[in-house]
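J.: One structure follows; several queries about it will come next.
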Amino acid sequence: MTTGAQRTPSGLDPQEEEPLPSLAEQMADQLGGWRGLVESSIPVVVFVIANVVGELRPAVIASVAVGLLIAGLRLAQRKPVRHAVNGLFGIAVGAAIAWRTGDERDFYLPGILYGIGYGLALLLSAAIRQPLVGWIWSVLVAKGRSEWRDDPRLVRTFTQLTVLWGVVWLAKVGVQAALYLAHQDTALGVARLALGYPPYALLLLITVWVVRRVTRETAPTPLPGS
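The sequence shown begins at 95 in my numbering and counts up one residue at a time.
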């Protein structure tokens, strides 16, 4: 047996990096697919409609019940429940606050506060050269690897993307906050839906496309015959 590097049965070096998932695969995973998009929006739609045609408490009960039903169906079908649980938690917290205060607009307050905090955290991480989008990429896409920290171009790219995420996040939450302060309850519900997944999906698309392009441009060209 030689002392050279061992090869896997397929002839690939075990140290070689696995290829990144495709653009469609990454988008589908982060958004939960079309089913995840729909299921996360249903409880909010139920609350908005029920609150318009009826009263606050039935709307709260209906939205939470629908959220529980969706999570239960996911569990029964042995499907991933991450998106369903996250959505249910947000619905439950908002519903509890609205129930306690008796003001339907408070249903959206946790999401507004979370959005402000998240947007500020993004901008702060970019300011201290620890871009949050880069670290999230390491966890969700790069399987824990953080080699991008050693590449000035990728650090700059992730910093710019983090600023973009922070600005967009604060802009959309600013619209919702303005409607909240103006007591525009129905418009606030519509804005919650319209400014939820569409901007998020667009930011994901831009992020994945830009990072993959920069990664391809900075990858070393293999030597002939290697």
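Don't be surprised by glycine CBs; every beta carbon is placed ideally from N, CA and C.
Determine the burial state of residue 167: buried for a count of at least 16 other Cβ atoms within 10 Å of its Cβ, exposed for fewer.
T.: With fewer than 16 Cβ atoms within 10 Å of its Cβ, residue 167 is classed as exposed.
J.: What would DSSP say about residue 152, mapped onto helix, strand or coil?
T.: Helix.
J.: Taking the Cβ atom as the reference point for each residue, do residue 142 and residue 280 lie within a distance shorter than 8 angstroms?
T.: Contact: yes.
J.: Can the beta-carbon of residue 282 be found less than 8 angstroms from the beta-carbon of residue 199?
T.: In this structure, residue 199 lies closer than 8 angstroms to residue 282 by Cβ.
J.: Helix, strand or coil: how does DSSP classify residue 246 here?
T.: DSSP places residue 246 in helix when its eight states are reduced to three.
J.: How is the alpha helix (DSSP H) around residue 346 delimited, first residue to last?
T.: With the chain covering only 95 through 320, there is no way to say anything about residue 346.
J.: Does the count of Cβ pairs from the stretch 237–249 and the stretch 195–215 closer than 8 angstroms reach three?
T.: Because the criterion of three Cβ pairs below 8 angstroms is not met, the stretch 237–249 and the stretch 195–215 do not touch.
J.: Starting from the Cα of residue 195, find the closest Cα among 285, 214, 273 and 154 and give me that residue.
T.: Ranking 285, 214, 273 and 154 by Cα distance to residue 195 puts 154 first.
J.: Helix, strand or coil for residue 171, going by three-state DSSP, please let me know.
T.: Coil.
J.: Nearest-angstrom Cα distance between residue 172 and residue 183?
T.: The alpha-carbon atoms of residue 172 and residue 183 are separated by roughly 19 angstroms.
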